[in-house]
Amino acid sequence: EFGDTAAQREVRENDRQYVFHSWSAQGQINPLPIAKGEGVRMWDYDGNEYLDFSSQLVNLNLGHQHPGLVKAIQEQAGRLATIQPALANDVRGELAKRIVEHSFEGARSVFFTNGGADAIEYAVRLARQSTGKRKILTRYRSYHGSTGTAITMTGEPRRWANDVIDGEVCHFFGPYAYRSAFWAETPEQETERALKHLEEQIILEGASTIAAVVLESVTGTNGVLVPPPGYLAGVRDICDRHGILMICDEVMVGFGRTGEWFAYQGFDVTPDLVTFAKGVNSGYVPLGGVVISEKIHNAFEDRSFPGGLTYSGHPLACAAGVATFDIFEEEGIIERVRDLGSRVVEPRLKEFLEKHPSVGEYRGKGLFWALELVTDRETREPLVPFNASGEAAAPFNAVVAACKQAGLWPFAAGNRLQIAPPLIISEEDLIKGLDIIDEALTVADSYYTG
Ligand code: PLP
Numbered sequence: 013e014f015g016d017t018a019a020q021r022e023v024r025e026n027d028r029q030y031v032f033h034s035w036s037a038q039g040q041i042n043p044l045p046i047a048k049g050e051g052v053r054m055w056d057y058d059g060n061e062y063l064d065f066s067s068q069l070v071n072l073n074l075g076h077q078h079p080g081l082v083k084a085i086q087e088q089a090g091r092l093a094t095i096q097p098a099l100a101n102d103v104r105g106e107l108a109k110r111i112v113e114h115s116f117e118g119a120r121s122v123f124f125t126n127g128g129a130d131a132i133e134y135a136v137r138l139a140r141q142s143t144g145k146r147k148i149l150t151r152y153r154s155y156h157g158s159t160g161t162a163i164t165m166t167g168e169p170r171r172w173a174n175d176v177i178d179g180e181v182c183h184f185f186g187p188y189a190y191r192s193a194f195w196a197e198t199p200e201q202e203t204e205r206a207l208k209h210l211e212e213q214i215i216l217e218g219a220s221t222i223a224a225v226v227l228e229s230v231t232g233t234n235g236v237l238v239p240p241p242g243y244l245a246g247v248r249d250i251c252d253r254h255g256i257l258m259i260c261d262e263v264m265v266g267f268g269r270t271g272e273w274f275a276y277q278g279f280d281v282t283p284d285l286v287t288f289a290k291g292v293n294s295g296y297v298p299l300g301g302v303v304i305s306e307k308i309h310n311a312f313e314d315r316s317f318p319g320g321l322t323y324s325g326h327p328l329a330c331a332a333g334v335a336t337f338d339i340f341e342e343e344g345i346i347e348r349v350r351d352l353g354s355r356v357v358e359p360r361l362k363e364f365l366e367k368h369p370s371v372g373e374y375r376g377k378g379l380f381w382a383l384e385l386v387t388d389r390e391t392r393e394p395l396v397p398f399n400a401s402g403e404a405a406a407p408f409n410a411v412v413a414a415c416k417q418a419g420l421w422p423f424a425a426g427n428r429l430q431i432a433p434p435l436i437i438s439e440e441d442l443i444k445g446l447d448i449i450d451e452a453l454t455v456a457d458s459y460y461t462g
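Shown next as structure tokens:
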């Protein structure tokens, strides 16, 4: 009940006393107790309402308490709540079939995991085991998860304290036109030079030692970096010429986020392995997995695959996954993401660029966008330094606080306000959220010095 201060106090006390939180100094956090979630909104115990422009951790694609997902889980729980992975199960098989049917040509099967990081672990293991090679190339400005190899593959500060668990991972630079590592002045130059850099790295590392190149089809937390024209196809070509597998990490962008079932489908490439999680069932029950090509699948036709998880293909999670496909079709989710992204979000962000000096660039696709906040458009000085904390992060924190104050829960990352609402959001709510961001950007403008 809203206003139930005793209940709120108990939630807070139990949390502070007993819950050890991710990525945090335990004594310096005060997590907000949440009383309720419905659709695109959540409420705290005081009844304050937040419009969720972050889809929790960019997983709540169908919003809170979607009746179709709740019903599928309830029915499955009443029928068969769990079954071990060595046995065959109806919803597990049905979900694998639906995923393969919506995947690349030559996709053959699915290995299910408990989430995104272990999807990455298993994609890498499949690549290493099937090629007999060990090395993995991944990009800076990437996040691939927090388990052993996945955190080593991550190309941002969350890796630093965990360096280096898997010594057979190396990082390369991907395209990022706004802050080009290649002194490029056009997207075409960025593509050409980024590809040349990757190929040179492959030659120097030795193609015979490299199992796979792994990349987020559209980089998520590290900036909604949409690959420039020709980049992903160019990576595919390089991989083919050097006998290296291409793995697309679709954990954040899979299942509709960019207006495609899988983001790579918007770039006309065929990967060898694809990781997914989050959007597969909106996180109602933990689930992830790897889509496996025919060729890699066949490598384990007569040889045992060395790997497994007790909860691989958990029926409650898979039932919610099957329901996700039904809901996507019934509610025309892919079409509405494309429509809302191009008709409502993009023009409004263009307006922000014209109106707010602190907006250095906007970029994105579907219902996945970033506003890059700067203090100077000429120098592109970010609103706060890379990996800022404490006082140094204050200007960006003030923008985030303004959003929350006005009832919007933003997806904040570095110097970027990122936009990733549930895909079921109404046009009215989308505009409401963009109005709040518009207002919060005046706070960012107040730090502008250019
Ligand atoms: N890969 C990408 C692209 C992600 O964004 C994430 C999580 O944000 C992961 C992997 C790890 O997923 P999980 O947190 O489910 O382990």
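Quick note: the sequence shown uses the UniProt record's numbering, first residue 13, plus one each step. Even for Gly, the Cβ is constructed at its ideal location relative to N, Cα and C.
Heavy atom of the ligand PLP within 7 Å of residue i beta-carbon
| i | result |
| --- | --- |
| residue 165 | no |
| residue 155 | yes |
| residue 258 | no |
| residue 443 | no |
| residue 336 | no |
| residue 158 | yes |
| residue 261 | yes |
| residue 382 | no |
| residue 431 | no |
| residue 128 | yes |
| residue 300 | yes |
| residue 232 | yes |
| residue 148 | no |
| residue 425 | no |
Closest residue to residue i among the options (Cα-Cα distance)
| i | options | result |
| --- | --- | --- |
| residue 59 | 65, 68, 48, 69 | 48 |
| residue 385 | 63, 403, 412, 378 | 412 |
| residue 350 | 100, 419, 381, 54 | 381 |
| residue 222 | 85, 78, 147, 88 | 147 |
| residue 234 | 185, 440, 22, 114 | 185 |
| residue 331 | 27, 395, 429, 83 | 83 |
| residue 334 | 122, 22, 110 | 110 |
| residue 438 | 383, 362, 348 | 348 |
| residue 260 | 220, 305, 142 | 305 |
| residue 430 | 375, 76, 30 | 375 |
| residue 336 | 293, 205, 27 | 293 |
| residue 46 | 14, 35, 322 | 14 |
Alpha carbon of residue i to alpha carbon of residue j, nearest angstrom
| i | j | result |
| --- | --- | --- |
| residue 443 | residue 97 | 45 Å |
| residue 393 | residue 92 | 56 Å |
| residue 52 | residue 295 | 14 Å |
| residue 171 | residue 129 | 13 Å |
| residue 218 | residue 179 | 15 Å |
| residue 196 | residue 190 | 9 Å |
| residue 108 | residue 365 | 43 Å |
| residue 283 | residue 408 | 37 Å |
| residue 344 | residue 216 | 47 Å |
| residue 117 | residue 251 | 17 Å |
| residue 312 | residue 302 | 15 Å |
| residue 433 | residue 66 | 5 Å |
| residue 38 | residue 341 | 43 Å |
| residue 56 | residue 359 | 32 Å |
| residue 80 | residue 103 | 15 Å |
| residue 441 | residue 63 | 8 Å |
| residue 209 | residue 254 | 14 Å |
| residue 319 | residue 198 | 44 Å |
| residue 201 | residue 231 | 19 Å |
| residue 119 | residue 288 | 14 Å |
| residue 435 | residue 158 | 26 Å |
| residue 315 | residue 213 | 32 Å |
| residue 410 | residue 41 | 17 Å |
| residue 262 | residue 99 | 27 Å |
| residue 76 | residue 69 | 13 Å |
| residue 44 | residue 27 | 10 Å |
Contacts around residue i, its chain only, beta-carbon distance under 6 Å, and the 5 residues preceding and following it disregarded
| i | result |
| --- | --- |
| residue 279 | 244 |
| residue 227 | 151 |
| residue 248 | 258, 281 |
| residue 181 | 148, 164, 165 |
| residue 124 | 301, 324, 325 |
| residue 373 | 190, 384 |
Own chain, CB closer than 8 Å to residue i, minus 5 neighbours either side, in chain order
| i | result |
| --- | --- |
| residue 369 | 389, 457, 460, 462 |
| residue 328 | 85, 88, 89, 93, 94, 297 |
| residue 339 | 74, 78, 80, 81, 345 |
Cβ neighbours of residue i in the same chain (closer than 7 Å, five flanking residues each side left out)
| i | result |
| --- | --- |
| residue 291 | 71, 73, 266, 267, 268, 269 |
| residue 353 | 271, 377, 378, 379 |
| residue 482 | The question about residue 482 has no answer here: the residues shown for the chain are numbered 13 through 462. |
| residue 415 | 422, 448, 449, 452 |
| residue 162 | 129, 132, 133, 156 |
| residue 61 | 53, 55, 419 |
Neighbour flag for residue i against chain D, beta carbons, 8 Å
| i | result |
| --- | --- |
| residue 352 | No chain D is present in this structure, which holds just one protein chain. |
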